[in-house]
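Undergrad:
Protein chains in written order, with this note's numbering: chain A, 1 to 314; chain B, 1001 to 1314.
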């Protein structure tokens, strides 16, 4: 029997046409997810902004054997019932690495060269010479040692930035959590690129911002939940750190009345760091390739450790 | 007798105190330059925005034996009489290479990630997801094969950008002028980092902007005179190219009523690409080191070929 692939989407994913005859593709919105889940063999969480899976997951009842999310993080879909089940969860590991790394480099360089101020002064037709900073020779601490964190560290190193990587478990080239405070205390750039898990929830709090240098710049390209946003706002207001850029937020889209929009020293971007022209295509191609392996009974790539909340290993 | 060092400055240079007892330091503004030049052994052009040397140079009369400019370019001081004289001209080669390279990388990445638009949308408190571009795999053409051009090419290559370098004379790793149109025709990023000479004056004209791709982004970190600004304005208005960033202009400071300030797609910055915290210090240190060699009768570094208008050689 042709397996049923249930797609939770807003816009239909590209490339699934390749599965014609090999899969029965059923689209759903969040409202109809719960009623359609039991009949599905596979769930493709294409709308990675939705938290609907957590509420709709059918406990002990009939359920998909495989859930794939078109995202690096899985925090939006994990729930105890899914974690306890024998359903395999996979993610889009690999698609976002280089784009996110370049995005972080763009922020670091733009801030070092005072580009946001240059654009402001241009609007005022004001010629005001300023001194930038050299990026080569500065220090970064990248928190998160998955493919995105590692690509970010590689790119910063290529720019001459001395970069330390922090992960859950110390290993060659990766510091453990015990080194975190020491490393962020001397970093010019602190980059959050970790998955959101029980351990990482609000790990960037008043204590951590207090440990950083007054000249430090903080970047979050991981998940909004990694940061205590109120603590960050206070740290910026009190000049504990020099500035920050958030691409992810506790609530997305960031509400129009959020004070974060106008916080001095904060750059707000709409969860776009990993998204480059062609990315939806890449995500579609990746799912099709995984589906072909699954249908052939072969092991799936990028299997998430449902307890830890990410794909473990190097 | 203690040699006289005449310093053309607006703000006094740092580090010259090291020459106490070994040089008689005399400061001058542009208005008094002509009357003081004949008595000077050395002229330090610290105010590199001034064109006063060209008018004040004392033809056949007594004149400094050495002129050093605290800049990479020498276009602001060269004149036929200085070129014909036996006075040695040196420049600040080496101080600006890495800063300018990083500045170009900052622009390339910021544009690829649509950062200027992100900052605009933030002011409007608008969450609007967009797709950036991957920088790795794009193509750049850097025009100018001196230390600044080479450092820029190295930095772009480190980001995965396929980068061609164009110089006056083809050699290993450097294309000659004959390849220029072919290379800019397929470049995503065209970077002007050449000295201003008779050959390079307005080399970026309507023809060159017409050859570039509609998606191309043009950056000028060389000299304003490299670009026909009216042709660039038309090229942007007609969408011949996607955008541009100018750090240097035919007239500096750019007048408040210049149409360039508000040209859609153009980023205007105040001739700051090479200037990072500590740069004035570095320039002072560099002059002091050169002075010590000169006073000892040893050969000077960074001697400019006065006919070509730059320091030749690799």
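Glycine included, each C-beta is placed from N, C-alpha and C at the ideal position.
Could you have a look at residue 266 of chain A and say whether DSSP puts it in helix, strand or coil?
TA: Against the first chain, residue 266 of chain A aligns to sequence position 266. Strand.
Undergrad: So is residue 128 of chain A buried or exposed if we call it buried at 16+ other beta carbons inside 10 Å?
TA: Counted from its first residue, the first chain places residue 128 of chain A at position 128. Exposed, since its Cβ has fewer than 16 Cβ neighbours within 10 Å.
Undergrad: In the DSSP assignment, find the unbroken beta strand (DSSP E) run with residue 1197 of chain B in it and report its ends.
TA: Here residue 1197 of chain B refers to the residue found at position 197 of the second chain. Per DSSP, residue 1197 of chain B belongs to no beta strand (DSSP E) and is neither H nor E.
Undergrad: For residue 1163 of chain B, would you say it is in contact with chain A, using Cβ-to-Cβ distances shorter than 9 Å as the test?
TA: Looking up residue 1163 of chain B in the second chain gives position 163. For residue 1163 of chain B, the closest Cβ of chain A is not nearer than 9 Å.
Undergrad: For residue 189 of chain A, return the contacting residues in chain B, with the cut-off set at a CB-CB distance below 7 Å.
TA: Here residue 189 of chain A refers to the residue found at position 189 when the first chain is read from its first residue. Ordered by position in chain B, no residue passes the 7 Å Cβ test against residue 189 of chain A, which lies about 14 Å from the chain.
Undergrad: Residue 1053 of chain B lies in the alpha helix (DSSP H); which residues open and close that run?
TA: Taking the first residue of the second chain as 1, we reach residue 1053 of chain B at position 53. 1052-1056 is the extent of the alpha helix (DSSP H) around residue 1053 of chain B.
Undergrad: Closest to residue 1162 of chain B by CA distance: which of B:1281, B:1134 and B:1125 is it?
TA: In the second chain, residue 1162 of chain B corresponds to position 162, counting from 1. Ranking the options by Cα distance to residue 1162 of chain B, first place goes to B:1134.
Undergrad: With DSSP collapsed to three states, give me the class of residue 182 of chain A.
TA: Residue mapping note: residue 182 of chain A aligns to position 182 of the first chain, counting from 1. Three-state DSSP puts residue 182 of chain A in a helix.
Undergrad: Within 8 Å, do at least three Cβ pairs link the segment 279-287 of chain A to the segment 94-110 of chain A?
TA: yes
Undergrad: Roughly how far, in whole angstroms, is the beta-carbon of residue 319 of chain A from the beta-carbon of residue 250 of chain A, given that I think they are within contact range, below 8 Å?
TA: In this structure chain A extends from 1 to 314, so residue 319 of chain A is not present and cannot be described.
Undergrad: Using DSSP bridges, identify the partner residues of residue 243 of chain A.
TA: Reading the first chain from its first residue, position 243 is the one you call residue 243 of chain A. Paired residues: A:217.
Undergrad: Quick check on the burial criterion: 16 or more other C-beta atoms within 10 angstroms. Buried or exposed for residue 1002 of chain B?
TA: Along the second chain, read from residue 1 onward, the residue named residue 1002 of chain B stands at position 2. Classification of residue 1002 of chain B: exposed, given that the 10 Å Cβ count is below 16.
Undergrad: Quick check: what's the CA-CA separation for residue 1213 of chain B versus residue 1187 of chain B?
TA: As a working mapping, residue 1213 of chain B is identified with position 213 in the second chain. As a working mapping, residue 1187 of chain B is identified with position 187 in the second chain. Distance between the alpha carbons of residue 1213 of chain B and residue 1187 of chain B is about 7 Å.
Undergrad: Let me know if residue 86 of chain A comes out buried or exposed under the rule of 16 or more other beta-carbons within 10 Å of its beta-carbon.
TA: Within the first chain, residue 86 of chain A is the residue found at index 86, counting from 1. Exposed is the call here.
Undergrad: Can the beta-carbon of residue 194 of chain A be found closer than 9 Å to that of residue 219 of chain A?
TA: In the first chain, counting from the first residue as 1, residue 194 of chain A sits at position 194. In the first chain, counting from the first residue as 1, residue 219 of chain A sits at position 219. No. Outside cutoff.
Undergrad: Output, in chain order, the set of chain D residues within a Cβ distance shorter than 8 Å of residue 1149 of chain B.
TA: No chain D is present in this structure, whose protein chains are A and B.
Undergrad: Identify the contact partners of residue 1203 of chain B in chain A, using a Cβ-Cβ distance below 8 Å as the criterion.
TA: Here residue 1203 of chain B corresponds to residue number 203 of the second chain, with the count starting at 1. Here the premise fails: no neighbours, minimum Cβ distance about 25 Å.
Undergrad: Could you tell me the alpha carbon to alpha carbon distance between residue 172 of chain A and residue 164 of chain A, rounded to whole angstroms?
TA: Within the first chain, residue 172 of chain A is the residue found at index 172, counting from 1. Within the first chain, residue 164 of chain A is the residue found at index 164, counting from 1. Each residue's CA atom was taken as its position, placing residue 172 of chain A and residue 164 of chain A some 11 Å apart.
Undergrad: Can you confirm whether residue 1264 of chain B, when its beta carbon is compared against all beta carbons of chain A, has any partner nearer than 9 Å?
TA: What you label residue 1264 of chain B is simply residue 264 of the second chain in a count that begins at 1. No, because no Cβ of chain A sits closer than 9 Å to the Cβ of residue 1264 of chain B.
Undergrad: Give me the chain B residues within the contact set of residue 118 of chain A, using Cβ-Cβ distance strictly less than 9 Å, ordered along the chain.
TA: Looking up residue 118 of chain A in the first chain gives position 118. Ordered by position in chain B, the residues that pass the 9 Å Cβ test against residue 118 of chain A are 1267, 1268, 1269, 1270 and 1272.
Undergrad: Is residue 129 of chain A close to chain B, meaning its C-beta is less than 9 Å from at least one C-beta of that chain?
TA: Along the first chain, one-based indexing puts residue 129 of chain A at 129. By this cut-off, residue 129 of chain A is an interface position.
Undergrad: If I'm right that residue 1269 of chain B touches residue 118 of chain A with Cβ under 8 Å, what's the distance once you round it to whole angstroms?
TA: Indexing the second chain from 1 puts residue 1269 of chain B at position 269. Indexing the first chain from 1 puts residue 118 of chain A at position 118. Contact holds; Cβ gap of about 5 Å.
Undergrad: List in chain order: all unbroken beta strand (DSSP E) runs of 3+ residues lying wholly within the segment 123-161 of chain A.
TA: 139-143
Undergrad: Pick from B:1229, B:1198 and B:1196: whose alpha carbon is nearest that of residue 1205 of chain B?
TA: Numbered from 1 along the second chain, position 205 holds the residue referred to as residue 1205 of chain B. The residue with the shortest Cα to Cα distance from residue 1205 of chain B is B:1229.
Undergrad: Which word fits residue 1123 of chain B, buried or exposed, when buried means at least 16 other C-beta atoms lie within 10 angstroms of its C-beta?
TA: Here residue 1123 of chain B refers to the residue found at position 123 when the second chain is read from its first residue. Under this definition residue 1123 of chain B is an exposed residue.
Undergrad: With a cut-off of 8 Å on the beta carbons, I'd call residue 1185 of chain B and residue 1215 of chain B a contact; round off their distance for me.
TA: Numbered from 1 along the second chain, position 185 holds the residue referred to as residue 1185 of chain B. Numbered from 1 along the second chain, position 215 holds the residue referred to as residue 1215 of chain B. At roughly 12 Å, the Cβ-Cβ gap does not stay under 8 Å, so residue 1185 of chain B and residue 1215 of chain B are not in contact.
Undergrad: From the DSSP output, in three-state form, read off residue 1049 of chain B for me.
TA: Here residue 1049 of chain B corresponds to residue number 49 of the second chain, with the count starting at 1. Looking at residue 1049 of chain B - three-state DSSP - the assignment turns out to be coil, as it is neither helix nor strand.
Undergrad: Does any residue of chain B have a CB that is nearer than 9 Å to the CB of residue 229 of chain A?
TA: Counting from one through the first chain, the residue named residue 229 of chain A turns up at place 229. Cβ-Cβ to chain B under 9 Å: no for residue 229 of chain A.
Undergrad: Thinking C-beta only, is residue 109 of chain A closer than 9 Å to residue 1109 of chain B?
TA: Within the second chain, numbered from 1, the residue matching residue 1109 of chain B stands at position 109. Within the first chain, numbered from 1, the residue matching residue 109 of chain A stands at position 109. Yes, the pair counts as a contact, with Cβ atoms nearer than the cut-off.
Undergrad: Which residue's Cα is closest to the Cα of residue 302 of chain A: A:138, A:147 and A:50?
TA: Numbered from its first residue, the first chain carries residue 302 of chain A at position 302. That would be A:147, whose Cα lies nearest to the Cα of residue 302 of chain A.
Undergrad: Put residue 254 of chain A into one of helix, strand or coil per three-state DSSP.
TA: Numbered from 1 along the first chain, position 254 holds the residue referred to as residue 254 of chain A. Residue 254 of chain A: coil per DSSP, three-state reduction.
Undergrad: I'd like to know if residue 253 of chain A contacts chain B, where contact means its C-beta is closer than 9 Å to some C-beta of that chain.
TA: Residue 253 of chain A sits at position 253 when you count from the first residue of the first chain. Residue 253 of chain A counts as touching chain B.
Undergrad: Looking only at C-alpha atoms, which of A:45, A:203 and A:89 sits nearest to residue 190 of chain A?
TA: If you number the first chain from 1, residue 190 of chain A lands on position 190. The option with the nearest alpha carbon to residue 190 of chain A is A:203.
Undergrad: Can you give, in chain order, each stretch of the beta strand (DSSP E) that sits fully within the segment 82-110 of chain A and has at least 3 residues?
TA: Note on the segment 82-110 of chain A: whole beta strand (DSSP E) runs with a minimum of 3 residues are 88-90, in chain order.
Undergrad: Looking at chain A, is there any beta carbon in it that lies within less than 9 Å of the beta carbon of residue 1098 of chain B?
TA: Translated into the one-based positions of the second chain, residue 1098 of chain B becomes position 98. Yes, because at least one Cβ of chain A sits closer than 9 Å to the Cβ of residue 1098 of chain B.
Undergrad: Leaving aside the five residues before and after residue 64 of chain A along the sequence, list all residues of the same chain whose C-beta is less than 8 Å from its C-beta, in chain order.
TA: The sequence position of residue 64 of chain A within the first chain is 64, counting from 1. Taken in chain order, the residues that qualify are 6, 37, 40, 41, 42, 43 and 87.
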